[in-house]
Amino acid sequence: MLQERRVIEPRKKQQDAGSTRDRILITNSEIAQPNSIPPLVSALKTCAHQNAATFHFPGHNRGRAAPSSLVHLIGLKPFIHDLPELPELDNLFSPEGPILEAQKLAAKLFGSSETWFLVGGTTCGIQAAILATCSPGDYLILPRNSHISAISAIVLSGVIPKYIIPDYDCLWDITAGVTLSQIEKAIEELHMEGQKVGAVFITSPTYHGICSNLTDISKLCHSYEIPVIVDEAHGAHFGFHPQLPSSALQQGADLAVQSTHKVLCSLTQSSMLHMSGNIVDRERICRCLQTLQSTSPSYLLLASLDAARAQLSEKPGRIFNNALDLALETKNLIRNIPGISMLGTLGFSNFPVIDPLRLTFGFWRLGLSGFEADETLYSDQGVISELVGTRSITFAINLGTCRDHIQRLACGIKNLSEASLLSFEKIKGQIEDHCGSAPFSDITMSLNPREAFFARKRKVAIGESLGKICGELICPYPPGIPVMIPGETITKKALEYLVLVKNKGATISGASDPLLNSIVICDV
1 MLQERRVIEP RKKQQDAGST RDRILITNSE IAQPNSIPPL VSALKTCAHQ
51 NAATFHFPGH NRGRAAPSSL VHLIGLKPFI HDLPELPELD NLFSPEGPIL
101 EAQKLAAKLF GSSETWFLVG GTTCGIQAAI LATCSPGDYL ILPRNSHISA
151 ISAIVLSGVI PKYIIPDYDC LWDITAGVTL SQIEKAIEEL HMEGQKVGAV
201 FITSPTYHGI CSNLTDISKL CHSYEIPVIV DEAHGAHFGF HPQLPSSALQ
251 QGADLAVQST HKVLCSLTQS SMLHMSGNIV DRERICRCLQ TLQSTSPSYL
301 LLASLDAARA QLSEKPGRIF NNALDLALET KNLIRNIPGI SMLGTLGFSN
351 FPVIDPLRLT FGFWRLGLSG FEADETLYSD QGVISELVGT RSITFAINLG
401 TCRDHIQRLA CGIKNLSEAS LLSFEKIKGQ IEDHCGSAPF SDITMSLNPR
451 EAFFARKRKV AIGESLGKIC GELICPYPPG IPVMIPGETI TKKALEYLVL
501 VKNKGATISG ASDPLLNSIV ICDV
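The opening position of the sequence shown corresponds to residue 1 in UniProt numbering, with each subsequent residue numbered one higher.
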């Protein structure tokens, strides 16, 4: 247990020398239940209010030396509560006080056997999950549209990827999830080759809210004693309303990593890793998290996870009522605007479930790219979207969404429609010209990502890179889905797609030359 600590207020005047001062006594039990305040929030509040003589980090010393420019922006309170690893605040990697209690409360709410708080985002949780389930030389089955964090985990762990090419809709330029048959085929192929499958990794929901059938996939994988890891970054709210999809844990996943800061309300960069079942070694998860996470975690981030959990637990079955109503209202306002398409399940027959709080609208029938429409919506109505694509824009409805904002969105899209003067034939031609396959549908892996990461490299002009082995991870961001991964043979389709999205306004992440005049290749 944490040791009790006393902080005695200093004497302010000489005549107070013999007086007895009030003492602040902090114990685990007192931290845990003060007026139903979340345990870690309470501990942080109590520590921050100590009348202490402080000789510890951080250097701003509880706000006394906080940079004035940032104080003018956010005030002093964040600095006052920006505390280090004091005994009263517990230890993230060996919790036995308020962090432990907060994580247990989260586990109870989310239905896990154990929950870990993350200060390195879902990226850190995905890396830890893969490192905890796979050993060097094992195979990891995963969709090719997995987040960049899964690829970095492959490099760190030394596992070999077995990619599944997800369904792709060319009109939307959107990839979906993976199917049971695809997972089954991948497992059988690797077993026929005598290879060990360390884990199956699924992204559900996708950035666009498209969900895979995790129940059937989990049953299949467990019949082979293969753990299922789910990147549920965009689904921390799942399972908390009848109209929302079931969560990954409810569908049998062994590990689920959630970005609590996305639809839920913790601070950016804070996430949770949930475990269920007994296939995964929890001690190995702990070791991986200690390896990957900062030894100086932000207690503001940790407390925000505790606070978000408490907020959700107050009315878990009703908290999303208003958000769901506003999402439906938004759809009704926009669905009949001429020239606007709304993403549904028709284009993805294998994936009948889409997050109702994730709305994606297409603008190609107006002759506009998503980037062009996004720029106009911002300049016209001050609308800021979540995700912009070549053909569409995705908008996230959350607990803080208000009716005024959806009305501005609907007004902006209506104005876009009315301003379009393109003829039907021209629009039809644009639709037909765009259709093709996903930019990574014909990949060839010449080196595994870890081999490519450590290989000698050189830079060549983009025109000379065709057929060479890619030496850098290149992806439009957001959503952070790599178009090229180190070790893959560079294809004409991938190059053309990167140039297309760059010309339409996308930011290219990971490329040493963001202008794409040159590309780094493996010199092997």
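Glycine residues also receive a C-beta, built at the ideal position from the N, C-alpha and C atoms.
Looking at S212, V159, Q381, I80, the one whose alpha-carbon comes closest to that of N448 is V159. Under DSSP, C47 takes part in no beta bridge, so it has no partner.
When beta bridges are read from the DSSP output, A199 appears opposite L140. Around the beta carbon of L140, a 10 Å sphere encloses 16 or more other beta carbons of the protein chains shown; the residue is thus reported as buried. DSSP places G412 inside the alpha helix (DSSP H), whose first and last residues are 403–419.
As computed with DSSP, E88 is found in no beta bridge at all. In this structure, the alpha-carbon of A43 lies about 25 Å from that of A236. Burial check for R450: the Cβ neighbour count within 10 Å reaches 16 or more, so the residue is buried. Between the alpha carbons of A303 and P78 lies a distance of about 12 Å.
For L447, the three-state secondary structure derived from DSSP is coil.
Taken through DSSP and simplified to helix, strand or coil, F238 comes out as coil. Non-local C-beta neighbours of Q250 in its own chain, meaning closer than 7 Å and more than five positions away in sequence, comprise G111, G239, ordered along the chain.
DSSP, reduced to helix, strand and coil, places L273 within a strand of the structure shown. Restricting attention to L346, F348, G362, D355, the CA atom closest to the CA of R335 is found in G362. Not a single unbroken stretch of the alpha helix (DSSP H) spanning 4 or more residues falls wholly within the segment 101–126. Membership of T206 in any beta strand (DSSP E) is not indicated, and neither H nor E is assigned to it by DSSP. By the beta-carbon neighbour count (other beta carbons within 10 angstroms, threshold 16), H234 is buried. Under a 10 Å Cβ-count criterion, C402 is classified as exposed, with fewer than 16 other Cβ atoms of the shown protein chains found around its own Cβ. DSSP, reduced to helix, strand and coil, places D231 within a strand of the structure shown. The Cβ atoms of G347 and W116 do not sit closer than 8 Å to each other.
Across the structure, A396 and I340 are spaced so that their CA atoms are roughly 18 Å apart. By alpha-carbon distance to F351, the top candidate from L359, S271, E329, P205 is P205. For Y497, there is no enclosing beta strand (DSSP E); the enclosing alpha helix (DSSP H) has its first and last residue at 492–504. Taking the CA atoms as reference points, K502 sits about 40 Å from H191. Secondary structure note for K331: its alpha helix (DSSP H) is the uninterrupted segment 321–334. For F361, the three-state secondary structure derived from DSSP is strand. Taken through DSSP and simplified to helix, strand or coil, F395 comes out as strand. No residue range can be given for L346, since it is assigned to no alpha helix (DSSP H) and is classified by DSSP as neither H nor E.
When secondary structure is reduced to three states using DSSP, I340 falls in the coil class, being assigned neither helix nor strand. The Cβ neighbour count for A65, taken over all protein chains shown within 10 Å, is under 16; the residue is labelled exposed. Membership of T215 in the alpha helix (DSSP H) is indicated by the continuous run 214–223. Using a Cβ distance threshold of 8 Å, V257 and E283 do not count as a contacting pair. By the Cβ neighbour-count rule, K262 is buried, with 16 or more other Cβ atoms within 10 Å of its own. Taking 8 Å as the cut-off, the beta carbon of L131 is found no closer than this to the beta carbon of A102.
Comparing alpha-carbon positions, the option among A199, C265, A308 lying closest to L255 turns out to be A199.
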